[in-house]
Amino acid sequence: MSQIGSFALLLALALSAYSFLAGLFALARPGPGSDRLGETARRAGIAVFAVVFLAALVLVISAFQDDFSIAYIFHHSNRDLPIPYKFAVLWSGQEGSLLFWSLLLSAYGLVLRLRHKTDSRLFAHASVIIAAVQVFFLLLLNFAAHPFAVMQGTLPADGNGLNPLLQYPEMVIHPPMLYLGYVGFTVPFAFALGALAMRYPGEKWIHITRRWTMVTWGFLTCGVFLGAHWAYSVLGWGGYWGWDPVENASFMPWLTGTAFLHSVMMQEKRGMLKVWNVWLIFVTFMLSIFGTFLTRSGVVSSVHAFAQSSIGDWFVGFLAIILATCILFYVKNRSHLQSEHRLESLVSRESSFLFNNLLFVLFCFTVLWGTLFPILSEWVQGHKITVGPPFYNHVTIPVILLLLLLTAVGPLLAWRNTSLESLKRNFLWPAFGAALVGILMIVCGVRPWKDISYFYALMAAMLATLVTLTVISEFVRGGRVISRHTGQGLLASMAHLWRRNTRRYGGYIVHFGVAVVVTGILGTPFNREAEKEMGYGDHMTIGPYTLVCQSYTEEDNPNYSNQWAIINVFRGSRQITTMFPERRFYKASQQTQTIPQIHPTFKEDLFLVRDLYLVYEGVNPETGRPIIKAHLNPLVMWIWIGALVMIFGTITALVPNAVPARVTAPARIEPEPVAART
Amino acid sequence: MIVLVCALVTISVLFYIFYLPGKLHVGPEKTRLVYLRERKEVVYENLRDLNFEYKAGKFPDSDYQAMKSSLEEEAAAILAEIAHLEEATISPLRGSGKGARV
């Protein structure tokens, strides 16, 4: 089997190289034969998908067949690994995940090349760029990180097994989501670079890539939140985001990608920010490659960095080539990127997008600086200095609050200029509602003057309310207009409104999701924790809950042995649930893994839901009794609900508008005499 | 067996890539005229959005009138250039049968 996989990878490399070179030649020397040459390049790009798919299929089949003659299967699988995780073997190690990158890229390339009739010349440029990226990954796979390398000497009876951290249901879908996001940014990058290289007139490339970018952003959002949820549910430290370098690696392209999704609207609507947009998508793509490099090179230490290797030099070289290519085409064709309009007022939709973008880029730079600081400090001082959460929180929380303010304000501002009267009309009631929430929190005991974290929580709650109310006001105002014209009820009119402009109103739903996520995060200053060694019948109190240890025991199965406790949870005298915190020892990999238990208190606390989070820390060797750590984390559940709202909003924004845009003008416009124009 | 599979895959792929019967799809090159027509539609869409937001009560009348006239001026300028280019395209076509590239 491994020979077929190896051959498929070599063939894929040859086809990608042909697709790149023949496509490039056809574009550089247009002539009678170049159309046929270009078509063969396009088809070679399509064929790459089939061949890379074959290679990936061979690897997955090898995992199912426990073919430990392949070193990758030996290192990342074992005979007793449950079936769903055998699929996950494909992306659980460095070589497999690079093959998965290549497979996803070829799949995106396949869709792009099949849709070439939309604008064949622009698509041909994008296809060549995608082929170039594909060549890099296939070179890596063939010569630096070969997934079909065979074991030397006697064949082992069983494999090392999958990393225990990855043996969690979400881990079967988290990496594919993240990779779909990373890889997907290649498509808008390819279109942006292609449009710049061919001096493509107009903004249609943005229109073409809009859905690609949104789909990609949606996958990355999903991947980032799944990663956070996995960290919360598996790592057992009671948190969901630790500013780990690999978390940051997925977050940075998300930040610049979000900025891009907003700023392209300025280019589409007003022909502004062309240089900014092109560089934003260039940087987003480079950050995606950088993210893959961080995860796969082992250059930084992280709980998520599942590989250590020397492929870092390849990535650094590739990043240098991408940067040089982007600079080359930018310098050559920068005159093509002149703005058609200037910023007319600081209080306008344009300026809100501009500030939003500057904040996103500042946020990204902060995260990048913190991520690279250990590497930079090692170069300068000879030893690594790690930057921890206090640094990130200190810098990023004010930025997040400002971004939230712009999320609320931006949609209510007019393009070009917004008058004071307009501001009053749009902000009076949302601002009143936000102030009310702030007063309510102070009345309930939140003292923002006592601790900066309480101040941030108060501001976050007020701004999240402001965002929610502005989103509601947008739906209600628009719904009323529709209702007046059609006679439908308000709810039906709001649904009609969304169908007329899914992108805008889907975007508002995403904004609402962001407000819900922030609501979940603002509970952090109110977290509590307690730890106790618990024998039979022992008690521990945390917040209004009393935990009673009913029992503790051990079990064994072919994949792992485990220790777990049975903890009854009481609120007052009423038992509300029983929890089973667990600790596993995976036999094949000889690694230990905690399995925390989480109980959200929806029934007891409704909207102020708290997570009761129990961790089996270990056993006291002297007494043989388990040590249980309890966390009480308010509002965390809203983060996951908010993430679902964001994903739902993204999906609704992708639905085509029900009412196609008419080309008729709303007012009679007389053409100016040409001579009158300069 | 392995050699046979590899040979079959290679032959299929090469056949798909290089066997090109029939006419190929070659899209037209994008001209400034096409770009201006796209731009015109964007400005019209901006006008429709503005009208809708005005009806929704987001702007006072004075703001609306100012924004509307600004957009109408932009649309008029685009329409004028389209008219000019269309005229320039039609005239040489009448004379020489060639399309004007701008």
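So the sequences go chain by chain: A and B. So for the first sequence, the numbering used here puts the first residue at -13; every next one is plus one. So for the second sequence, the numbering used here puts the first residue at 2; every next one is plus one. Heads up, the beta-carbon is just placed ideally off N, CA and C, and yes, glycines get one too. Given the structure is predicted, the values throughout are model-derived calculations rather than measurements.
Suppose contacts are defined by Cβ-Cβ distances below 8 Å. Is residue i in contact with residue j by that definition?
i        : j      : result
A/V462   : A/F498 : no
A/G628   : A/G493 : no
A/G(-9)  : A/A41  : yes
A/I275   : A/L247 : no
A/Q666   : A/R569 : Because chain A is modelled from -13 through 664, residue 666 of chain A falls outside the range shown and cannot be assessed.
A/L618   : A/M565 : no
A/E364   : A/M258 : no
A/T357   : A/N234 : yes
A/F346   : A/L179 : no
B/L37    : B/E88  : no
B/K59    : A/R411 : yes
A/S(-12) : A/F134 : yes
A/V423   : A/M445 : no
B/A76    : B/V44  : yes
A/T242   : A/L266 : yes
A/Y602   : A/P642 : no
A/I495   : A/G635 : yes
Taking CB distances under 8 Å as the criterion, tell me whether residue i reaches chain B.
i        : result
A/T26    : yes
A/K255   : yes
A/W401   : yes
A/R29    : yes
A/K190   : yes
A/K103   : yes
A/Q324   : no
A/V467   : yes
A/G464   : yes
A/D53    : no
A/Q120   : no
A/N412   : yes
A/D21    : yes
A/L455   : no
A/F292   : Only weak support exists for where A/F292 lies, its pLDDT of 49 falling under 50; the value from the coordinates is given anyway. So no, A/F292 is outside the interface.
A/V97    : no
A/P434   : no
A/A33    : yes
A/P18    : no
A/I495   : no
A/R107   : yes
A/I(-10) : yes
A/E336   : no
A/L247   : no
A/V366   : no
A/V44    : no
A/F(-7)  : yes
Is the Cβ of residue i closer than 8 Å to any Cβ of chain A?
i     : result
B/I91 : no
B/I12 : no
B/L21 : yes
B/L25 : yes
B/Y30 : It should be pointed out that residue 30 of chain B corresponds to Glu in this sequence rather than to Tyr. So, interface residue.
B/F16 : no
B/L9  : no
B/I3  : yes
State the CB to CB distance for the pair residue i and residue j, rounded to an integer number of angstroms; the pair is presumed to be in contact (CB under 8 Å).
i      : j      : result
A/Y531 : A/V555 : 6 Å
A/V385 : A/F349 : 5 Å
A/T202 : A/F177 : About 12 Å; that fails the 8 Å criterion.
A/N149 : A/S575 : 7 Å
A/A400 : A/S334 : 7 Å
With 8 Å as the threshold, decide whether the Cβ of residue i is near any Cβ in chain C.
i     : result
B/E39 : The question asks about chain C, but that chain is absent: this structure's protein chains are A and B.
Compute every distance between the C-beta of residue i and the non-hydrogen atoms of the ligand GTP, then say whether any falls below 7 Å.
i      : result
A/P133 : The model on display carries no ligand, and the ligand GTP is accordingly not part of it.
At least three beta-carbon pairs within less than 8 Å, the segment 55 to 72 of chain B to the segment 223 to 230 of chain A: no
Going residue by residue through the segment 569 to 629 of chain A, where are the continuous alpha helix (DSSP H) segments of at least 4 residues, counting only ones entirely within it? 588 to 591
Does the segment 516 to 524 of chain A touch the segment 480 to 491 of chain A, meaning 3 or more C-beta pairs lie closer than 8 Å? Put simply, the segment 480 to 491 of chain A does not touch the segment 516 to 524 of chain A. Fewer than three CB pairs are less than 8 Å apart.
Taking contact to mean at least 3 C-beta pairs separated by less than 8 Å, is the segment 94 to 102 of chain A in contact with the segment 147 to 157 of chain A? no
Runs of beta strand (DSSP E) wholly within the segment 158 to 216 of chain A (minimum 3 residues, chain order): none
Determine, using beta-carbon pairs with one atom in the segment 7 to 24 of chain A and one in the segment 55 to 64 of chain A, whether at least three such pairs fall under 8 Å. no
At 4 residues or longer, and completely inside the segment 378 to 452 of chain A: list those alpha helix (DSSP H) runs for me, N to C. As for any alpha helix (DSSP H) of minimum length 4 sitting wholly inside the segment 378 to 452 of chain A, the runs are 406 to 429, ordered along the chain.
Would you call the segment 29 to 36 of chain A and the segment -7 to 8 of chain A in contact, with 3 or more CB pairs under 8 Å? yes
Flag this pair as touching only if the segment 185 to 195 of chain A and the segment 227 to 242 of chain A have three or more C-beta atom pairs under 8 Å; answer yes or no. The segment 185 to 195 of chain A vs the segment 227 to 242 of chain A: no contact.
Determine, using beta-carbon pairs with one atom in the segment 80 to 96 of chain A and one in the segment 15 to 22 of chain A, whether at least three such pairs fall under 8 Å. no
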